[in-house]
Amino acid sequence: MDEDVQQAVHSELQLLLPDVRGNAEQVEALLHPEFVEVGASGKRWDRPAMVAALRSGEITDSEPIEATEVEGVKLADDLILIRYVSRRTGGAPVRRSSLWRRLNGHWQLYYHQGTPAN
Numbered sequence: 001m002d003e004d005v006q007q008a009v010h011s012e013l014q015l016l017l018p019d020v021r022g023n024a025e026q027v028e029a030l031l032h033p034e035f036v037e038v039g040a041s042g043k044r045w046d047r048p049a050m051v052a053a054l055r056s057g058e059i060t061d062s063e064p065i066e067a068t069e070v071e072g073v074k075l076a077d078d079l080i081l082i083r084y085v086s087r088r089t090g091g092a093p094v095r096r097s098s099l100w101r102r103l104n105g106h107w108q109l110y111y112h113q114g115t116p117a118n
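Going by the UniProt record's numbering, the first residue of the sequence shown is number 1, and it counts up by one from there.
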């Protein structure tokens with residue numbers, strides 16, 4: 001696997017860990033300034049809303065999220081697509097797609113979408 005793809009996949013998987021997801025500063029560092037997410041619920045988030053929700057306690061994640069079928073592909077020198085299936089303990093699977101962009105030498109999550117895989 002390409003080194004850039006490995007770095008982006010590693011960062012994506014870090015975002016699934018409760019210790020990282022619960023730290024607004026770490027999440028903010030991993031999110032591109034133009035970040036947008038469309039969650040499995042259909043709710044749209046941008047970077048300021050996501051960071052504010054983490055800081056206020058609106059978003060809390062105490063359980064790790066399992067990722068399977070993880071694959072990544074480099075679409076351009078500064079753009080990587082990651083696809084995988086996530087599952088919370090006792091929850092339904094969700095197909096996820098993420099675009100990571102390199103900004104100032106660092107990979108940041110630019111776009112993320114979750115689609116229920118019932």
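Idealized CB from N, CA, C, for every residue including glycine.
Relative to the C-alpha of residue i, which residue among the options is closest?
i, options, result
"Asn23", "His10, Gly39, Asp4 and Arg55", "Arg55"
"Glu34", "Leu99, Thr115 and Ala53", "Leu99"
"Ile80", "Met50, Gly72 and Gly42", "Gly72"
"Gly90", "Arg44, Asp46, Pro64 and Glu69", "Pro64"
"residue 171", "Pro48, Leu75 and Met1", "Here the chain covers residues 1 to 118 and nothing more, so residue 171 does not appear."
"Met1", "Lys74, Gly105 and Asn104", "Lys74"
Give the DSSP bridge partners of residue i, in chain order.
i, result
"His106", "Leu103"
"Arg95", "Val85 and Thr115"
"Lys43", "Partner(s): none; Lys43 has no beta bridge."
"Ile80", "Lys74 and Trp100"
"Thr68", "Val85"
"Leu17", "Answer is none; Leu17 lacks a bridge partner."
So, for residue i: in the same chain, excluding its five sequence neighbours on each side, which residues have a beta-carbon less than 7 Å away from its beta-carbon?
i, result
"Ala40", "Val94, Gly114, Thr115 and Pro116"
"Gln7", "Trp107"
"Arg102", "Asp78"
Any beta carbon from chain E within less than 8 Å of residue i's own beta carbon?
i, result
"Ala49", "Checking the listed chains, one finds no chain E in this structure; it contains a single protein chain."
Is the beta carbon of residue i less than 8 Å from the beta carbon of residue j?
i, j, result
"Arg96", "His112", "yes"
"His32", "Tyr110", "yes"
"Ile59", "Glu12", "no"
Looking only at its chain, what residues have a beta carbon closer than 8 Å to the beta carbon of residue i, apart from the 5 residues adjacent to it on each side?
i, result
"Val27", "Leu15, Val20, Arg21, Met50, Val51 and Leu54"
"Ala92", "Pro116, Ala117 and Asn118"
"Arg44", "Val36, Glu37 and Val38"
Just to confirm my understanding: we take residue i, look at its own chain, exclude 5 residues before and 5 after, and list those with CB closer than 6 Å. What are they?
i, result
"Ser62", "Pro18"
"Tyr84", "Ala67, Glu69, Val70 and Arg96"
"Val36", "Asp46 and Tyr111"
"Val5", "Gly72, Lys74 and Ile80"
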